[in-house]
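Counting from 1 along the sequence shown, just add 58 to a position and that's the residue number in this note's numbering. Heads up: the structure comes next, in structure tokens.
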Amino acid sequence: MHYAELTDAFHAQSTAFRESAIQAGPDIPIATCPDWRMEDLVVHVVGVYDFILRAMEGEQAKFERSSGSWPELLAHLEDVVPTLLQRLRDGDPDQQVWTSRDKPTDLRSMARRLAHETAIHRLDADSAVKDLPTLVYGTEFAADGVDEFVNAMLPAITERRPPTVAGTVLYHAADAGQIWQVQVDIGTPVAPTEPGAAVNADVSVVGTADAVYRSVWGRPSTAVVSGDRSVLAALTPP
59 MHYAELTDAF HAQSTAFRES AIQAGPDIPI ATCPDWRMED LVVHVVGVYD FILRAMEGEQ
119 AKFERSSGSW PELLAHLEDV VPTLLQRLRD GDPDQQVWTS RDKPTDLRSM ARRLAHETAI
179 HRLDADSAVK DLPTLVYGTE FAADGVDEFV NAMLPAITER RPPTVAGTVL YHAADAGQIW
239 QVQVDIGTPV APTEPGAAVN ADVSVVGTAD AVYRSVWGRP STAVVSGDRS VLAALTPP
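What follows is the structure in structure tokens.
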């Protein structure tokens with residue numbers, strides 16, 4: 059997806075996230091995030107936004123948990139999103155940004171991370187609100203989210219928590235016509251591999267892009283999982 063599209067997606071998803079948080083209130087349990095209430099979810103999302111904003115402003119940022127009362131958290135959420143949007147819209151997509159992993163990234167990757175971090179947590183927030191229309195993410199956006207998970211997030215996840223099993227995982231977003239294959243090796247961060255003409259995967263995740271997107275992030279999904287789930291579990295985000 060283009061940089062401007064990712065920036066606009068972040069704007070739309072952050073607006074919807076905040077609306078659901080306000081509607082639900084701070085004490086509603088989040089079924090998709092065990093042991094979290096809405097307030098915990100907002101604390102997390104605001105912490106991510108603050109972390110990315112500090113990185114954009116030139117700090118070698120580290121993630122810090124936000125604090126404050128419920129009204130203060132909502133006010134901070136309302137303030138930080140326009141600031142992030144302004145930084146994204148005024149910035150060069152190729153501008154380097156440093157994070158706590160001591161590796162440079164760029165504003166394009168930050169826009170992508172903000173869009174998908176918010177979209178997944180929007181699902182969490184929406185799950186706490188009754189009578190919302192069913193949300194289905196567009197094919198292009200959801201497929202981009204799967205691609206970001208496989209190519210950007212999985213190497214970091216498995217670097218922090220090396221796999222204890224080995225095997226091959228296949229993700230197939232049928233409506234997008236896209237396939238991602240990941241080789242999992244014991245004790246080694248994963249790297250995506252190109253699928254061949256015949257793919258012999260130990261476990262596969264198949265469905266619409268929306269369904270696979272939800273599945274890779276451990277959210278309720280209609281994707282069909284076939285094969286050795288222990289290999290897939292090694293790639294599940296914390």
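Glycine is no exception: its CB is placed at the ideal position from the N, C-alpha and C atoms. As the structure is a prediction and not an experimental result, all values here were calculated from the model.
Original post:
Helix, strand or coil: which one does DSSP assign to Gln-154?
Top reply: For the purposes of this step, residue 154 is taken as residue 96 along the sequence shown, with counting starting at 1. Looking at Gln-154 - three-state DSSP - the assignment turns out to be strand.
Original post:
What residue range is occupied by the uninterrupted alpha helix (DSSP H) comprising Ala-249?
Top reply: Taking the first residue of the sequence shown as 1, we reach residue 249 at position 191. From DSSP, Ala-249 is part of no alpha helix (DSSP H) but of the beta strand (DSSP E) over 246–251.
Original post:
Which residues bound the alpha helix (DSSP H) around Gly-225?
Top reply: One-based indexing of the sequence shown puts residue 225 at position 167. First-last for Gly-225: 225–231, but that is the beta strand (DSSP E), not the alpha helix (DSSP H).
Subject >> Start and end residues, beta strand (DSSP E) containing Thr-163 >> reply: Working through the sequence shown from its first residue, we reach residue 163 at position 105. Element bounds for Thr-163: 162–164.
Subject >> Contact set for Thr-197: own chain, Cβ-Cβ below 8 angstroms, skip 5 residues either direction >> reply: Numbered from 1 along the sequence shown, position 139 holds the residue referred to as residue 197. Ala-231, Asp-233, Ala-234, Thr-266, Ala-267 and Asp-268, listed in sequence order.
Original post:
Which residues in the same chain have their Cβ closer than 6 angstroms to the Cβ of Ala-281, if we skip the five residues on either side of it in sequence?
Top reply: Against the sequence shown, residue 281 aligns to sequence position 223. Shown here for Ala-281: same chain residues with a beta carbon closer than 6 angstroms to its own, the five before and five after excluded, namely Val-263, Gly-265, Ala-269, Val-270 and Ser-273 in chain order.
Original post:
Cβ atoms of Thr-90 and Arg-147: under 8 angstroms apart, would you say?
Top reply: Walking along the sequence shown from the start, residue 147 turns up at place 89. Walking along the sequence shown from the start, residue 90 turns up at place 32. Cβ distance not < 8 angstroms, so Arg-147 and Thr-90 don't count as in contact.
Original post:
Whose CA, out of Leu-293, Leu-228 and Val-187, lies closest to the CA of Ile-80?
Top reply: Position 22 of the sequence shown, counting from 1, holds the residue named residue 80. Considering only alpha carbons, the answer is Val-187.
Original post:
Beta carbon of Ala-210, beta carbon of Ser-167: below 8 angstroms?
Top reply: Counting from one through the sequence shown, the residue named residue 210 turns up at place 152. Counting from one through the sequence shown, the residue named residue 167 turns up at place 109. Yes.
Subject >> Cut-off 8 angstroms between Cβ atoms - residues of its own chain near Ala-82, not counting five sequence neighbours on either side >> reply: Taking the first residue of the sequence shown as position 1, residue 82 is located at position 24. Same-chain partners within the cutoff: Met-96, Ala-183, Ala-186 and Val-187.
Original post:
Under three-state DSSP, which class holds Trp-128?
Top reply: Counted from its first residue, the sequence shown places residue 128 at position 70. When DSSP states are grouped into helix, strand and coil, Trp-128 belongs to the helix group.
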